[in-house]
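A.B. asks:
Residue numbers (our numbering), protein chains in the order written: chain A, 728 to 868; chain B, 318 to 728.
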């Protein structure tokens with residue numbers, strides 16, 4: 728009988744102990760929250776990441792020597808708003824906005840601007856077809 | 318020159334350039350909290366004696382699925398898909414959509430509802446079952462693990478996952494391996510060595526419609542179905558490939574990883590391969606460490622293969638969370654393109670909130686089912702006085718997978 732009681736006590740202790748570990752894990756996860764925002768935005772232009780609600784979501788991207796600058800990031804867009812993405816490449820290529828299926832030829836050194844209304848929700852890659860670089864990802868919500 | 322493919326580059330899920338929005342923070346917290354609460358309640362309150370009966374459970378159904386006609390139809394569908402891949406147009410080719418969406422992703426819901434469906438549909442089972450040698454038991458699921466790794470690599474890492482050349486090379490290798498395996502070992506090879514049959518059968522263990530080893534279809538509690546999954550060499554590896562591969566899919570399109578891929582010196586394919594293998598190894602090492610600890614605490618050796626079944630629901634949760642929107646959106650495109658319908662894809666057919674809800678529910682339900690399955694197996698295998706303490710490493714393992722899965726959805 729006493730063995731059964733002690734087993735039960737141990738079981739309760741174990742449960743309480745692990746519940747507190749669980750609470751700790753929750754807190755740690757909560758603490759990590761804001762990090763992921765900075766992690767999403769490295770490639771966005773300043774006015775986008777500071778997020779003035781009236782600001783038009785724009786991105787200006789340059790490709791030189793196979794490198795994308797600013798580095799590939801996220802362009803946050805509210806559904807229904809106009810988006811404009813300007814791309815300048817040092818080599819001839821083709822740029823493609825997936826999902827929206829917009830394509831434009833890139834000539835060396837000539838900026839090309841893609842304009843569209845963000846009416847599809849999701850995260851869409853903007854990519855070059857020959858060099859296969861992801862320039863940015865348009866996150867529409 | 319882009320003529321070779323309509324879609325190219327590092328694409329999520331091998332096809333299409335759309336991925337899901339991060340789930341709202343609240344969803345991630347709610348999911349993590351629910352998973353934790355259920356785990357600790359399970360530890361304290363669930364039964365003390367094993368209740369699941371594996372293959373002995375369930376009611377035998379007087380059904381015989383028409384296997385031969387189904388397999389002939391599948392063979393025709395395979396020929397149709399290959400026709401698209403070989404001769405289809407560069408833009409708007411249905412081939413990659415049929416392979417990556419209807420077949421690979423569609424097998425998940427089909428197997429969850431109807432059990433091991435690919436066994437019934439597998440065209441390789443039209444070959445005569447005349448083994449020249451018995452299947453070596455040591456081989457186990459290893460060929461399937463390798464095959465699934467190869468498919469996952471093609472889907473997530475290959476430079477052009479949707480290019481006809483990529484698909485044809487994979488189909489060639491896959492077909493040769495299955496043909497050779499079946500000629501040498503008979504149909505026994507297919508149930509262990511065909512990656513897609515193993516994938517469908519593993520998922521089918523969670524279906525209410527099961528199949529006993531003697532071939533009789535049964536209606537049974539999915540927990541009994543899961544319990545019926547026999548440990549074998551390579552089973553843990555197979556499940557780790559599914560979990561790690563889906564996990565890699567989750568972070569492969571994050572800006573941080575994309576920048577590493579695009580600026581690294583190893584090149585995209587090299588780094589992608591390392592990332593994929595690293596994700597699978599991470600999942601496997603965590604599993605091995607936690608099971609080793611559970612064995613130490615519970616006073617039982619060799620636990621690792623006997624708990625692999627409890628990872629299956631977690632892997633299915635990951636698969637659903639990552640592929641739900643792809644199936645719903647690109648599935649439309651697969652049907653429209655392959656049948657030449659005059660219709661357009663409704664890309665807003667499911668709202669971001671619905672997608673997020675499905676994702677969190679899939680991960681949390683997968684976690685709960687895994688916890689219950691692991692609990693039942695623990696009280697059967699561990700010393701009774703240590704069964705509760707011995708489960709703690711298992712729960713830590715599952716909480717790591719679940720919180721990891723939620724983090725991937727949210728980050």
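Every residue, glycine too, gets a C-beta built ideally from N, C-alpha and C.
Less than 9 angstroms between CB atoms is the rule here; does residue 843 of chain A satisfy it with respect to chain B?
C.D. replies: Cβ-Cβ to chain B under 9 angstroms: no for residue 843 of chain A.
A.B. asks: Is the Cβ of residue 777 of chain A closer than 9 angstroms to any Cβ of chain B?
C.D. replies: With a pLDDT of 41 at residue 777 of chain A, under the threshold of 50, the predicted position of this residue should be treated as unreliable, and no value is reported.
A.B. asks: Taking C-beta to C-beta, are residue 448 of chain B and residue 501 of chain B nearer than 9 angstroms?
C.D. replies: Yes.
A.B. asks: Output yes if chain A places a C-beta closer than 9 angstroms to the C-beta of residue 693 of chain B; else output no.
C.D. replies: Closer than 9 angstroms: no.
A.B. asks: Looking at chain B, which residues of the segment 797 to 808 of chain A have a Cβ within less than 8 angstroms of any of its Cβ atoms?
C.D. replies: Cβ contacts with chain B: 798, 799, 800, 801.
A.B. asks: Let me confirm a value: residue 585 of chain B is counted as buried when at least 16 other C-beta atoms fall within 10 Å, else exposed. Which label applies?
C.D. replies: That one is buried.
A.B. asks: What number of angstroms, rounded off, separates the C-alpha of residue 812 of chain A from the C-alpha of residue 800 of chain A?
C.D. replies: Their Cα atoms are separated by approximately 13 angstroms.
A.B. asks: Taking CB distances under 9 angstroms as the criterion, tell me whether residue 538 of chain B reaches chain A.
C.D. replies: No, its Cβ sits nowhere closer than 9 angstroms to a Cβ of chain A.
A.B. asks: For a test of the three-state rule: what should DSSP assign to residue 647 of chain B, helix, strand or coil?
C.D. replies: Here residue 647 of chain B sits in helix by DSSP.
A.B. asks: Could you please tell me which residues of the segment 578 to 590 of chain B, in chain order, have their CB closer than 9 angstroms to any CB of chain A?
C.D. replies: Those would be 578, 579, 580, 585, in chain order.
A.B. asks: List the endpoints of the continuous alpha helix (DSSP H) containing residue 842 of chain A.
C.D. replies: Element bounds for residue 842 of chain A: not the alpha helix (DSSP H) but the beta strand (DSSP E), 839 to 844.
A.B. asks: Can you give me the C-alpha to C-alpha distance between residue 456 of chain B and residue 514 of chain B, rounded to a whole angstrom?
C.D. replies: If I take the Cα positions, the gap works out to 16 angstroms.
A.B. asks: Kindly say whether residue 725 of chain A, judged by its beta-carbon, lies nearer than 9 angstroms to any beta-carbon of chain B.
C.D. replies: The structure shown does not extend to residue 725 of chain A, since chain A spans only 728 to 868, so no value can be given for it.
A.B. asks: Does any residue of chain D have a CB that is nearer than 9 angstroms to the CB of residue 575 of chain B?
C.D. replies: In the structure shown, chain D cannot be found, because the protein chains are A and B.
A.B. asks: Using the rule of at least 16 other Cβ atoms within 10 Å of the residue's Cβ for burial, across every protein chain shown, is residue 433 of chain B buried or exposed?
C.D. replies: By the neighbour-count rule (16 or more Cβ atoms within 10 Å), residue 433 of chain B is buried.
A.B. asks: Could you give the distance in angstroms between the alpha-carbon of residue 415 of chain B and the alpha-carbon of residue 442 of chain B?
C.D. replies: Whole-angstrom Cα-Cα distance: 21 angstroms.
A.B. asks: Kindly indicate if chain A contains any beta-carbon less than 9 angstroms away from that of residue 410 of chain B.
C.D. replies: No, no contact with chain A.
A.B. asks: Give a yes or no on whether the C-beta atoms belonging to residue 552 of chain B and residue 559 of chain B are separated by under 9 angstroms.
C.D. replies: It is not a contact, given that the beta carbons lie outside the stated cut-off.
A.B. asks: Can you tell which of B:359, B:338, B:346, B:343 has its C-alpha closest to the C-alpha of residue 690 of chain B?
C.D. replies: Nearest C-alpha to residue 690 of chain B: B:359.
A.B. asks: When you compare only the Cα positions, how much space is there between residue 815 of chain A and residue 830 of chain A?
C.D. replies: When rounded, the distance between both Cα atoms is 14 angstroms.
A.B. asks: If contact means a Cβ-Cβ distance below 8 angstroms, which residues of the segment 647 to 671 of chain B contact chain A?
C.D. replies: Those residues of the segment 647 to 671 of chain B that come within reach of chain A (Cβ to Cβ, closer than 8 angstroms) are 664, 665, 668, 669.
A.B. asks: Do you know how far the Cα of residue 377 of chain B is from the Cα of residue 465 of chain B?
C.D. replies: One C-alpha to the other measures close to 31 angstroms.
A.B. asks: Should residue 795 of chain A be flagged as near chain B, meaning a C-beta pair shorter than 9 angstroms?
C.D. replies: True, the Cβ-Cβ gap to chain B drops below 9 angstroms.
A.B. asks: What residue range does the alpha helix (DSSP H) around residue 549 of chain B cover?
C.D. replies: Unbroken run through residue 549 of chain B: none, as it is neither H nor E.
A.B. asks: Taking 7 angstroms as the limit between beta carbons, can you name the residues of its chain near residue 645 of chain B, skipping five residues before and five after?
C.D. replies: For residue 645 of chain B, where only same-chain residues beyond five positions count, the Cβ hits under 7 angstroms are 666, 667.
A.B. asks: Would a check of beta-carbon distances place residue 335 of chain B closer than 9 angstroms to chain A?
C.D. replies: Closer than 9 angstroms to some Cβ of chain A, the Cβ of residue 335 of chain B qualifies, so yes.
A.B. asks: Checking the sheet assignment: what are the DSSP bridge partners for residue 350 of chain B?
C.D. replies: Note: residue 350 of chain B sits in no beta bridge, so no partner.
A.B. asks: According to the Cβ coordinates, are residue 410 of chain B and residue 418 of chain B closer than 9 angstroms?
C.D. replies: Contact: no.
A.B. asks: So, are the CB atoms of residue 346 of chain B and residue 473 of chain B less than 9 angstroms apart?
C.D. replies: Their beta carbons are not under 9 angstroms apart, which means residue 346 of chain B does not touch residue 473 of chain B by this criterion.
A.B. asks: Got a sec: which bits of the segment 336 to 350 of chain B sit with their beta carbon under 9 angstroms from any beta carbon on chain A, in order along the chain?
C.D. replies: So the close ones are 336, 337, 338, 339, 342, 345, 346, 349, 350.
A.B. asks: Residue 616 of chain B and residue 703 of chain B - do their beta-carbons sit closer together than 9 angstroms?
C.D. replies: Going by C-beta atoms, residue 703 of chain B is nearer than 9 angstroms to residue 616 of chain B.
A.B. asks: Can you tell me where the beta strand (DSSP E) with residue 823 of chain A in it begins and where it stops?
C.D. replies: Residues 820 to 824.
A.B. asks: Would residue 476 of chain B count as contacting chain A if we go by Cβ distances under 9 angstroms?
C.D. replies: At least one chain A Cβ lies under 9 angstroms of residue 476 of chain B.
A.B. asks: How about the segment 602 to 620 of chain B and the segment 702 to 716 of chain B: do they share at least three Cβ pairs that are nearer than 8 angstroms?
C.D. replies: Yes, since at least three Cβ pairs between the segment 602 to 620 of chain B and the segment 702 to 716 of chain B fall closer than 8 angstroms, the two stretches touch.
A.B. asks: For residue 803 of chain A, name the three-state secondary structure that DSSP assigns.
C.D. replies: Looking at residue 803 of chain A - three-state DSSP - the assignment turns out to be strand.
A.B. asks: By DSSP, does residue 665 of chain B sit in helix, in strand, or in coil?
C.D. replies: DSSP places residue 665 of chain B in coil when its eight states are reduced to three.
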